[in-house]
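Numbering (my numbering), first residue to last: 10 to 126.
Don't be surprised by glycine CBs; every beta carbon is placed ideally from N, CA and C.
All values reported here derive from a predicted model rather than from experimental measurement.
To start, the structure itself, in C-alpha coordinates.
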(Lines of atoms letter the chains of each structure in order from A and count residues from 1; the text may use other names and numbers.)
(Lines give C-alpha, C1' and ligand atoms only; values in the text may rest on other atoms or scores of the structure.)
Protein backbone atom coordinates (compact mmCIF):
# COMPACT_ATOMS: atom_id res chain seq x y z
CA UNK A 1 0.00 0.00 0.00
CA UNK A 2 1.62 3.24 -1.04
CA UNK A 3 1.25 6.70 0.49
CA UNK A 4 -1.44 7.82 -1.96
CA UNK A 5 -3.71 4.91 -1.05
CA UNK A 6 -3.25 5.53 2.68
CA UNK A 7 -4.08 9.22 2.27
CA UNK A 8 -7.14 8.41 0.19
CA UNK A 9 -8.29 5.82 2.74
CA UNK A 10 -7.89 8.32 5.59
CA UNK A 11 -9.72 11.01 3.61
CA UNK A 12 -12.55 8.60 2.90
CA UNK A 13 -12.68 7.45 6.53
CA UNK A 14 -12.65 11.02 7.90
CA UNK A 15 -15.39 12.04 5.44
CA UNK A 16 -17.49 9.08 6.52
CA UNK A 17 -17.06 9.98 10.20
CA UNK A 18 -17.94 13.61 9.47
CA UNK A 19 -21.12 12.48 7.68
CA UNK A 20 -22.06 10.23 10.59
CA UNK A 21 -21.49 13.08 13.03
CA UNK A 22 -23.31 15.71 11.01
CA UNK A 23 -26.32 13.42 10.61
CA UNK A 24 -26.93 13.74 14.36
CA UNK A 25 -27.84 17.42 13.95
CA UNK A 26 -31.10 17.02 11.96
CA UNK A 27 -31.84 13.77 13.82
CA UNK A 28 -31.68 15.41 17.24
CA UNK A 29 -33.76 18.39 16.08
CA UNK A 30 -36.36 16.01 14.63
CA UNK A 31 -36.44 13.97 17.84
CA UNK A 32 -37.13 17.13 19.87
CA UNK A 33 -40.03 17.83 17.52
CA UNK A 34 -41.47 14.32 18.02
CA UNK A 35 -40.20 12.57 14.88
CA UNK A 36 -38.16 9.37 14.41
CA UNK A 37 -34.49 9.81 15.30
CA UNK A 38 -33.27 6.92 13.14
CA UNK A 39 -35.13 7.95 10.02
CA UNK A 40 -33.94 11.53 10.29
CA UNK A 41 -30.39 10.40 11.05
CA UNK A 42 -30.35 8.40 7.81
CA UNK A 43 -31.89 11.32 5.92
CA UNK A 44 -29.25 13.65 7.38
CA UNK A 45 -26.46 11.23 6.52
CA UNK A 46 -27.55 10.92 2.91
CA UNK A 47 -28.67 14.52 2.23
CA UNK A 48 -27.42 16.73 5.06
CA UNK A 49 -28.10 20.15 3.53
CA UNK A 50 -31.63 19.21 2.45
CA UNK A 51 -32.37 17.50 5.79
CA UNK A 52 -31.21 20.44 7.90
CA UNK A 53 -33.46 22.81 5.95
CA UNK A 54 -36.37 20.37 5.98
CA UNK A 55 -36.17 19.63 9.70
CA UNK A 56 -36.37 23.33 10.46
CA UNK A 57 -39.55 23.65 8.38
CA UNK A 58 -41.52 20.69 9.77
CA UNK A 59 -44.14 21.35 12.49
CA UNK A 60 -43.54 20.37 16.09
CA UNK A 61 -45.60 17.31 17.09
CA UNK A 62 -44.95 17.76 20.81
CA UNK A 63 -46.82 21.05 21.19
CA UNK A 64 -50.55 21.19 20.78
CA UNK A 65 -51.46 23.73 18.16
CA UNK A 66 -54.78 25.53 18.15
CA UNK A 67 -56.30 26.13 14.72
CA UNK A 68 -56.88 29.76 13.85
CA UNK A 69 -60.58 29.26 13.23
CA UNK A 70 -61.15 27.04 16.28
CA UNK A 71 -64.05 27.84 18.56
CA UNK A 72 -63.21 28.10 22.23
CA UNK A 73 -64.86 25.39 24.32
CA UNK A 74 -67.89 26.42 26.31
CA UNK A 75 -66.60 26.77 29.84
CA UNK A 76 -69.90 27.92 31.25
CA UNK A 77 -72.62 25.43 31.99
CA UNK A 78 -76.28 26.16 32.24
CA UNK A 79 -77.44 25.68 35.79
CA UNK A 80 -79.30 22.45 36.26
CA UNK A 81 -82.84 22.34 37.51
CA UNK A 82 -82.62 22.98 41.22
CA UNK A 83 -85.33 20.45 41.98
CA UNK A 84 -83.70 17.57 40.10
CA UNK A 85 -80.52 15.68 40.82
CA UNK A 86 -78.05 14.74 38.11
CA UNK A 87 -79.32 11.17 38.21
CA UNK A 88 -82.91 12.31 37.65
CA UNK A 89 -81.89 14.44 34.68
CA UNK A 90 -79.89 11.59 33.17
CA UNK A 91 -82.85 9.27 33.63
CA UNK A 92 -85.11 11.76 31.83
CA UNK A 93 -82.69 12.05 28.89
CA UNK A 94 -82.22 8.26 28.79
CA UNK A 95 -85.98 7.86 28.43
CA UNK A 96 -85.94 10.39 25.58
CA UNK A 97 -83.12 8.43 23.95
CA UNK A 98 -84.96 5.13 24.32
CA UNK A 99 -88.12 6.61 22.83
CA UNK A 100 -86.15 7.93 19.85
CA UNK A 101 -86.82 11.60 20.57
CA UNK A 102 -83.11 12.43 20.81
CA UNK A 103 -80.06 10.83 19.21
CA UNK A 104 -77.17 9.09 20.95
CA UNK A 105 -74.92 12.10 20.25
CA UNK A 106 -77.41 14.48 21.86
CA UNK A 107 -77.69 12.18 24.87
CA UNK A 108 -73.90 11.98 25.22
CA UNK A 109 -73.62 15.77 25.00
CA UNK A 110 -76.26 16.26 27.70
CA UNK A 111 -74.61 13.59 29.84
CA UNK A 112 -71.26 15.38 29.62
CA UNK A 113 -72.98 18.68 30.42
CA UNK A 114 -74.82 17.27 33.42
CA UNK A 115 -71.81 15.42 34.81
CA UNK A 116 -69.53 18.35 33.87
CA UNK A 117 -67.00 16.10 32.10
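Residue environment analysis places residue 23 among the exposed positions, since fewer than 16 neighbouring C-beta atoms fall within 10 angstroms of its C-beta. Judged by their CB atoms, residue 35 and residue 67 are not nearer to each other than the 8 angstroms cut-off. In this model, residue 93 and residue 71 are separated by some 43 angstroms (Cα to Cα). Within the same chain, Cβ atoms closer than 6 angstroms to the Cβ of residue 57 are found at 31, the five residues on either side in sequence being excluded.
Residue 33 is not a Cβ neighbour of residue 39, given a cutoff of 8 angstroms. Classified as exposed, residue 21 has fewer than 16 neighbouring CB atoms from the shown chains inside 10 Å of its CB. Annotation: the continuous alpha helix (DSSP H) that includes residue 55 extends over 46 to 55. Its Cα nearest to that of residue 73, the residue 42 stands out among 53, 42, 108, 55.
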